[in-house]
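Each protein sequence line maps, in turn, to chains R and L.
Take the position in the first sequence, starting the count at 1, then add 1; the result is the number in our numbering.
Take the position in the second sequence, starting the count at 1, then add 75; the result is the number in our numbering.
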Amino acid sequence: DAGVTQSPTHLIKTRGQHVTLRCSPISGHKSVSWYQQVLGQGPQFIFQYYEKEERGRGNFPDRFSARQFPNYSSELNVNALLLGDSALYLCASSPGTGGYTFGSGTRLTVV
Amino acid sequence: GENVEQHPSTLSVQEGDSAVIKCTYSDSASNYFPWYKQELGKRPQLIIDIRSNVGEKKDQRIAVTLNKTAKHFSLHITETQPEDSAVYFCAAGDDKIIFGKGTRLHILP
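See the structure below:
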């Protein structure tokens, strides 16, 4: 039984470029959340989607956007990348409220 | 905005002793309080969670207590073992979950 899968696992981008990160939730889970984790800190909430609708948004600039598809998978998009966007991006899925299971993350390096 | 404070940031405990990590939260609408363990280079793993209609929950050596009036909750690990060494995160929320900054737990031999 597959857990939360994220792709790619690692990514190197240049400042100003755009990036798309992907997440497939656990089968049957309808909620997906995105977090940014900078080394040595706790995960910072970016977005939460449930049944394809945005349920919450963290304190991130408009360069960050996301969407959820009919099969409940999700994409996180970041435009005009900055050096400070370098981090581990984690996706978590849940059947509803609570019980979030994290994927292994995408490590993004912006150079 | 919502905030979760976690203390201490670092904790060293002799093997076999108990460890306690404490968190406070600001959003009174929070109803769900998970704890995650993260080992170096790995994803956060859910170790225990509690909902606001319960004051205490225990799972083997791990227990969590919640005081909703005071808006604080704690993680207790008893009979600590070397494999308990990791970073522990508390979190609070409902639909969206806000994390604390983490506690690095060292188990000393």
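Glycine included, C-beta positions come from ideal geometry on N, C-alpha and C.
The beta carbon of L:HIS181 is closer than 8 angstroms to those of THR85, LEU86, SER87, VAL88, SER160 in its chain, skipping five residues each way along the sequence. In the displayed model, L:GLU77 falls within coil according to three-state DSSP, outside both helix and strand. Within 10 angstroms of the beta-carbon of R:VAL5 lie 16 or more other beta-carbons, which makes it buried. Using a CB distance below 8 angstroms, no part of the stretch 74-87 of chain R faces chain L. With a threshold of 8 angstroms between beta carbons, R:PHE103 makes contact with chain L. In this structure L:PRO119 is buried. Its beta-carbon is surrounded by 16 or more other beta-carbon atoms within 10 angstroms. Relative to the Cα of L:ASP134, the nearest Cα in the group L:SER93, L:HIS151, L:PRO83, L:LEU141 belongs to L:HIS151. With a contact defined as Cβ atoms closer than 8 angstroms, R:ALA88 and R:GLN38 qualify at about 6 angstroms.
Within the same chain, Cβ atoms closer than 8 angstroms to the Cβ of L:ALA167 are found at GLU77, VAL79, CYS98, TYR100, ASP102, SER105, TYR107, PHE108, PHE148, ILE173, the five residues on either side in sequence being excluded. Residue nearest to R:SER74 within the set R:VAL33, R:PRO9, R:VAL20 is R:VAL33 (criterion: CA-CA distance).
A direct Cα-to-Cα measurement between R:LYS31 and R:PRO71 gives close to 10 angstroms.
In its chain, beyond the 5 residues on either side, GLN81 have a beta carbon closer than 6 angstroms to the beta carbon of L:LYS176. Between R:GLN45 and L:THR178, the alpha-carbon positions lie close to 16 angstroms from each other. Following the DSSP letters along the chain, one finds L:PRO109 inside the beta strand (DSSP E) bounded by residues 107-113.
Near chain L, meaning a CB-to-CB distance below 9 angstroms, the residues of the stretch 47-64 of chain R are PHE48, GLN49, TYR51, ARG56, GLY57, ARG58, GLY59, ASN60. Think of a sphere of 8 angstroms around the beta carbon of L:LYS176: the chain R residues whose beta carbon falls inside it are GLN42, GLY43, in chain order. Boundaries of the beta strand (DSSP E) around R:SER34: 32-38.
Here L:ASP169 carries a coil assignment [DSSP, helix/strand/coil].
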